[in-house]
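Report on the following structure.
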Amino acid sequence: WELNKKSIMVPILKGRSYDNVPILSSLSDVTICATGTLGVSVIPYSNNISISNNDLPIGEGQFTVRDNIKEGEKVSIGIVGSVSHLPDYQSIAKVIKRITLDKEIKEKCKFVIAGYVEGDKNWNKIVSLFDKNGFEVELRESLSLENYMEAYKGINIVLAPLSDVEFNRKKS
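Quick look at the structure:
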């Protein structure tokens, strides 16, 4: 139940911890878990859990090849998700910088940042990782949960770095 010190959630929680999660789970009528891995962690505290998988429906109309890249169109390298992934994107900052410095890649590719919230300082930190050296960046605003999968539209390559920490292993 320990939150990684680099997590974007640390300042949001303002000193609160996850220490009460086991207590609250034991008192609740049902504990809904986003993954089976999280469910296994909750079982010692509550025998009434429900798994509501937090995963993407691959092969069910999602993440299938729909279009070829049109001639003259740039390949879209994208990130999609919440600002909670800031530390994950920071973990590949050197790779992103190498991409932005490569002349051929710069001519043929662009970055797409989907989920962006204008004026949010943490989103601006994410953008600053990608908009170096004149590399083209397309910003797409955050979408409602019902329209979330539309954020992936037209993105040819998705970057999804995750730090190997307990929080990331359990959330999805």
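Under the numbering used here, read the sequence shown as residues 1 to 172, first letter to last.
By construction, the Cβ of each residue, glycine as well, lies at the ideal position given by its N, Cα and C atoms.
Rounded to the nearest angstrom, the Cβ distance from V137 to F111 is 5 Å, consistent with a contact under 8 Å.
One thing to note: G72 has its Cβ no nearer than 9 Å to the Cβ of V158. Its chain contains V80, A114, G115, R140, L143 as the residues whose beta carbon lies nearer than 8 Å to that of A151, once the 5 sequence neighbours on both sides are disregarded; these appear in chain order.
DSSP places K121 in the uninterrupted alpha helix (DSSP H) bounded by 121-130. Taking C-beta atoms as the reference points, P87 and S163 count as a pair closer than 9 Å. With respect to S50, T37 sits apart: the two C-beta atoms are not nearer than 9 Å.
By the Cβ-count criterion, L101 is exposed, with fewer than 16 other Cβ atoms from all chains shown falling within 10 Å of its own Cβ. Taking I155 as the centre and dropping the five residues before and after it, the same chain places the C-beta of S76, G78, V112 closer than 6 Å to its C-beta, in chain order. If you ignore the 5 residues before and after D120, its C-beta comes within less than 8 Å of the C-beta of V83, all in its own chain and listed in chain order. Under the three-state reduction of DSSP, I49 is assigned to strand.
Sixteen is the threshold: when 16 or more other Cβ atoms of the shown chains lie within 10 Å of the Cβ of L129, as they do, the residue is buried. Taking every protein chain shown into account, the CB of V42 has 16 or more other CB atoms within 10 angstroms, so this residue is buried.
Burial is judged here by how many other beta carbons sit within 10 angstroms of a residue's own beta carbon; I99 has at least 16 and is buried. Per DSSP, reduced to three states, the secondary structure at L38 is helical.
In the three-state scheme derived from DSSP, where H, G and I count as helix and E and B as strand, I43 is classed as coil. The residue among N122, E107, A93, F135 with its C-alpha nearest the C-alpha of A160 is A93.
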